[in-house]
Amino acid sequence: MLRRTHERRAAWFGPSILLAALTLSSLGGFAHPLSSLGQLRLTPEEVKSAHSLLPSETGSSGASSVREIVIHGDPAKPGLYTILLKVGPNTRIAAHRHPDDRMATVLSGVWYFGYGPKFDTAKLKQLPAGSVYAEPAGANHFAMTRGPVIVEITGYGPSGVTYATNANIPSPHHSAEH
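Each residue of the sequence shown is one higher than the one before, counting from 2 in my numbering.
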């Protein structure tokens, strides 16, 4: 009798460990693109606290005050992707472009955004939370913040970033003028 009980426990042990491992891997925080989770629901507070252990550099400004979090897909590879940009206060992002069309929504804060070959405050439009804008493929654009901002961007990769001039390429350790 003892042997059969042990065999029954052993038969359940393997699948139980597998189920636990799968559950834990799906709850592992934002350590990988969230698209592998299948269904995804984030409240505004969860978006604000989202972080990634593997942040993507593709398409981000490279500035220390800008953090990119991959929500879906991989911006470096062909296919649909969605990223969050968490931008610190008093950040200026110089004119740059991307090889792919991108659509963006301001989730929180006020984002100042403009189009053109160089940063120009006269061309900035104030975009409060809820605003939507486009980043057409190959079109130079620039932005700035006064307070913290979160922007969600969706595109079809592969993506990347090219600054309008080499002088605009930010240092990852410098966040005052980007």
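Yeah, the Cβ is synthetic: ideal placement off N, Cα and C, and Gly gets one too.
Since we're looking at a predicted model, the values are computed, not measured.
Burial state of T166 is exposed, judged by a 10 Å Cβ sphere holding fewer than 16 other Cβ atoms. Taking 8 Å as the cut-off, the beta carbon of A105 is found no closer than this to the beta carbon of V162. Distance from the CA of A135 to the CA of D102, rounded to the nearest whole angstrom, comes to 8 Å.
A straight-line Cα-Cα distance of about 31 Å links D75 and D121. Contact check for H99 against A138 passes: the beta carbons are separated by less than 8 Å.
For A64, the three-state secondary structure derived from DSSP is coil.
With distances taken between CA atoms, T146 lies nearest to L86 out of G39, A51, L86. Annotated three-state conformation of A96 is strand, per DSSP. Setting aside the 5 residues that flank it on each side, P118 is surrounded in the same chain by A96, N141, A165, each with a C-beta closer than 7 Å to its C-beta; the list follows chain order.
Under the 10 Å beta carbon count, L81 is surrounded by fewer than 16 other beta carbons and is classified as exposed.
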